[in-house]
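S.K.: Pasting a structure below so you can have a look.
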Amino acid sequence: MDDDPTNQFTALYDRHYRSVLGYVLLRAEQAAAEDVVSETFLIAWRRFHDLPDRPLPWLLGTARNLLRKHHHSRAHDVVLMDRIATLSVVGPPVDSVAEAVQARETALSALAQMSERDIEALVLTVWHGLSPAEAAKVTGGSRAAFAVRLHRARKRLATSLQETSTKPASSRYAPLTP
């Protein structure tokens, strides 16, 4: 392991930049997200020797706090589903492009019916791979409260997916007009 703090910080930055940026992009426009991520890593540099062994939850929590501060200073409407729709999802191979498109549209339609709090719980645990205890630190709550929140979010997602997948395609999507 390299003892040089600059090299250690560079490795930390390289390892976690995309995760932090992805998390922030769920709540902010590109330019604002880049500013928040830059400030997050500036704070991490200043407190580098105090960072925990697993720094990602700390980085996400810091970014979340900076976002909150950013939102208070500039009120704007964030369309979360547009962010999720633009993110690439890695999953098992599908038999056809049509199946992949249909599965993606079903998932996006189900997510569109969920609250931002539910989506955040799912993103932190599924997308970023945090444990409920780590995700609770990011959101500023207790592990038990986050575990309940995650359980309820998963139940609502399952219900929403089931309802969305049973609707005929014509009722889920507006018809295309030339």
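Numbering (the numbering used here), first residue to last: 1309 to 1486.
Yeah, the Cβ is synthetic: ideal placement off N, Cα and C, and Gly gets one too.
Predicted model, so just to flag it, every value in this text is computed and none were measured.
1) Hey, serine 1468 and glutamine 1410: beta-carbon distance below 8 Å or not?
2) Hey, is the stretch 1370-1380 in contact with the stretch 1315-1332, meaning 3+ C-beta pairs nearer than 8 Å?
3) What ranges does the alpha helix (DSSP H) occupy inside the stretch 1417-1450, keeping only unbroken runs of at least 4 residues that lie completely in it?
4) In the DSSP assignment, find the unbroken alpha helix (DSSP H) run with aspartate 1322 in it and report its ends.
5) Measuring straight from C-alpha to C-alpha, what distance separates histidine 1459 and histidine 1436?
6) Give the single residue among Asp1358, Thr1348 and Asp1311 whose Cα lies nearest to the Cα of leucine 1367.
7) Please report the straight-line C-alpha distance between serine 1417 and aspartate 1310, rounded to a whole angstrom.
8) What do you get for proline 1313, buried or exposed, if any count of 16 or more other CB atoms within 10 angstroms of its CB means buried?
9) For leucine 1430 versus alanine 1461, is the C-beta spacing smaller than 8 Å?
10) Could you check how far apart the C-beta atoms of serine 1450 and alanine 1443 are, in whole angstroms? I think they sit under 8 Å.
11) Where does the unbroken alpha helix (DSSP H) through arginine 1354 begin, and where does it stop?
12) Taking just the CA atoms, how far does valine 1405 sit from histidine 1324?
13) Skipping 5 residues on each side, what residues in its chain have a beta carbon closer than 8 Å to that of proline 1363?
14) What would DSSP say about aspartate 1358, mapped onto helix, strand or coil?
15) Proline 1440 and threonine 1447 look like a contact to me (Cβ under 8 Å); what is the Cβ gap, rounded to whole Å?
16) Just to confirm before moving on: does the CB-CB distance between arginine 1268 and arginine 1376 stay below 8 Å?
17) Could you name the residues of the same chain whose beta carbon sits closer than 7 Å to that of serine 1327, not counting the 5 residues immediately before and after it, in chain order?
M.R.: So, to answer that:
1) no
2) yes
3) 1424-1430 and 1440-1447
4) 1313-1333
5) 17 Å
6) Thr1348
7) 47 Å
8) exposed
9) yes
10) Between alanine 1443 and serine 1450 the Cβ distance is about 11 Å, and since that is not below 8 Å, they are no contact.
11) 1338-1354
12) 31 Å
13) Leu1320, His1324 and Ala1352
14) helix
15) Contact flag wrong, Cβ pair sits at about 10 Å.
16) Shown here, the chain extends from 1309 to 1486; a query on residue 1268 therefore has no answer.
17) Leu1364 and His1436
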